[in-house]
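Quick notes on the structure that follows.
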Amino acid sequence: MVSMQSAKRTEPGKIDADVAARAMRRIKDYLMQHPTEQNIQVTQEHSGEDALVLPREAVSLLAFILAQAAEGRGVSVVPSHAELTTQQAADMLNVSRPYVVTLLEGGEIPFRLVGRHRRIKYEDLKEYQQEHEAKSKAAADELARLGQDLGI
Numbered sequence: 000m001v002s003m004q005s006a007k008r009t010e011p012g013k014i015d016a017d018v019a020a021r022a023m024r025r026i027k028d029y030l031m032q033h034p035t036e037q038n039i040q041v042t043q044e045h046s047g048e049d050a051l052v053l054p055r056e057a058v059s060l061l062a063f064i065l066a067q068a069a070e071g072r073g074v075s076v077v078p079s080h081a082e083l084t085t086q087q088a089a090d091m092l093n094v095s096r097p098y099v100v101t102l103l104e105g106g107e108i109p110f111r112l113v114g115r116h117r118r119i120k121y122e123d124l125k126e127y128q129q130e131h132e133a134k135s136k137a138a139a140d141e142l143a144r145l146g147q148d149l150g151i
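Numbering (numbering that gives the first Met the number 0), first residue to last: 0 to 151.
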């Protein structure tokens, strides 16, 4: 299950958009000026304190989070190994929980049982979501093509 130890969520508008935008710009500028630097040192304004060293990927992720916050959007950070409940999976897919259960029982998305409860790996849910979106796009493209062929 996604818990506070395995996921973190910030609701839309909780982070000041102006502060987030300024911080994001400074981070992006720094990353562009130092394209090969893999460890980023964040220094304090007060002398005598050791710099905080962050991996470049973590700094890039922070810039992404700040960009979303600057737009007033909420952000969720979920580790790839996290397991979701059927309700959490339904919320992510924007469908009903019974529909997710149907997908699971039909073999569309892998899951495991914990007692009587189904658990879905976040990675498996994202893979299903990407495949479903690709199929939807292909179907829409085919409909558009047929519409053009028929002059609609």
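Cβ coordinates follow ideal geometry from the N, Cα and C atoms, glycine included.
Note that the structure is predicted; figures quoted are calculated from it, not measured.
Report task. Closer than 7 Å by C-beta to residue 88: which residues in its own chain qualify, once you throw out the five before and the five after it? Chain order, please. Result -> 99, 119, 124
Query raised in the report: Per DSSP, what kind of secondary structure is residue 40 in: helix, strand or coil?
Result: strand
Report task. Would you identify the three-state DSSP class for residue 108, choosing helix, strand or coil? Result -> Looking at residue 108 - three-state DSSP - the assignment turns out to be coil, as it is neither helix nor strand.
**Report entry** Alpha-carbon spacing of residue 20 relative to residue 105, whole angstroms
**Finding:** 44 Å
Query - Per-residue burial, residue 23 [other beta carbons within 10 Å of its own, 16 or more giving buried] - result: Buried.
Query raised in the report: Which value, in whole angstroms, describes the spacing of the CA atoms of residue 131 and residue 97?
Result: 18 Å
Report task. Please work out which residues of its chain come closer than 6 Å, Cβ to Cβ, to residue 7, disregarding the five sequence neighbours upstream and downstream, and give them in chain order. Result -> 76
Query raised in the report: Under the three-state reduction of DSSP, which class applies to residue 35: helix, strand or coil?
Result: coil
Query raised in the report: Hey, out of 48, 54, 50, whose CA is closest to residue 34's CA?
Result: Residue 54 holds the alpha-carbon nearest to the alpha-carbon of residue 34 among 48, 54, 50.
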